[in-house]
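Numbering (numbering that gives the first Met the number 0), first residue to last: 0 to 161. Think of the CB as a built atom: it goes at the ideal place given N, C-alpha and C, for glycine as much as any other residue. Have a look at the structure below, then the notes.
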Amino acid sequence: MIVSFSTVYFFIYLLLFVSIGLTSSLFIVPLLGASFAFASGVVIFGFLSNVTFKSAQTIYIKVDKRLKFILAKMSSFTNGNESEKNVDVPLLQQTKKRHSQIQSKLKNSFNTNINNNNLTNNDNIVTSTTRGIDVPLDTNNSVTSAIARSLETRADSKIATN
Numbered sequence: 000m001i002v003s004f005s006t007v008y009f010f011i012y013l014l015l016f017v018s019i020g021l022t023s024s025l026f027i028v029p030l031l032g033a034s035f036a037f038a039s040g041v042v043i044f045g046f047l048s049n050v051t052f053k054s055a056q057t058i059y060i061k062v063d064k065r066l067k068f069i070l071a072k073m074s075s076f077t078n079g080n081e082s083e084k085n086v087d088v089p090l091l092q093q094t095k096k097r098h099s100q101i102q103s104k105l106k107n108s109f110n111t112n113i114n115n116n117n118l119t120n121n122d123n124i125v126t127s128t129t130r131g132i133d134v135p136l137d138t139n140n141s142v143t144s145a146i147a148r149s150l151e152t153r154a155d156s157k158i159a160t161n
């Protein structure tokens, strides 16, 4: 039996083709499996992300509706006329009187400042520069400073408790 060169070359090429195919499959099959695992992970995490987003959106909508309902209820309970009736009348008169005293002090101090171009600082009066003019402010007795002091004490107590 005589074998021709073409038959020998055929078997050599067949052997090379099969060996290269097996070698490449050793790399391709595990990497293909890893790729499949990662693709499955992406799909699963995408699904979980969508589920959590939808549930968070539902919770947000429910809480938003509940808060709107609570705020509407609270606004129906508070009436502008009722809050004025609850104000302590002597305290209100005292505050108005003190406010007019402060305004008169400010006018007097402002006029003397313009005339003398020099303002004396008392213990109760602090100067504030507004547009280049010194304006005295009574920081110890005004209603605004009382509010500011109450806010400062609240802030100080919060800092102290933390």
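For S34, the enclosing alpha helix (DSSP H) begins and ends at F4 to F76. Distance from the CA atom of K64 to the CA atom of L70, rounded to whole angstroms, is 10 Å. Note on S108: 16 or more other CB atoms within 10 angstroms of its CB, so buried under the neighbour-count rule.
In the three-state reduction of the DSSP assignment, I1 falls in the coil class. Taking C-alpha positions only, T51 is separated from I43 by approximately 12 Å.
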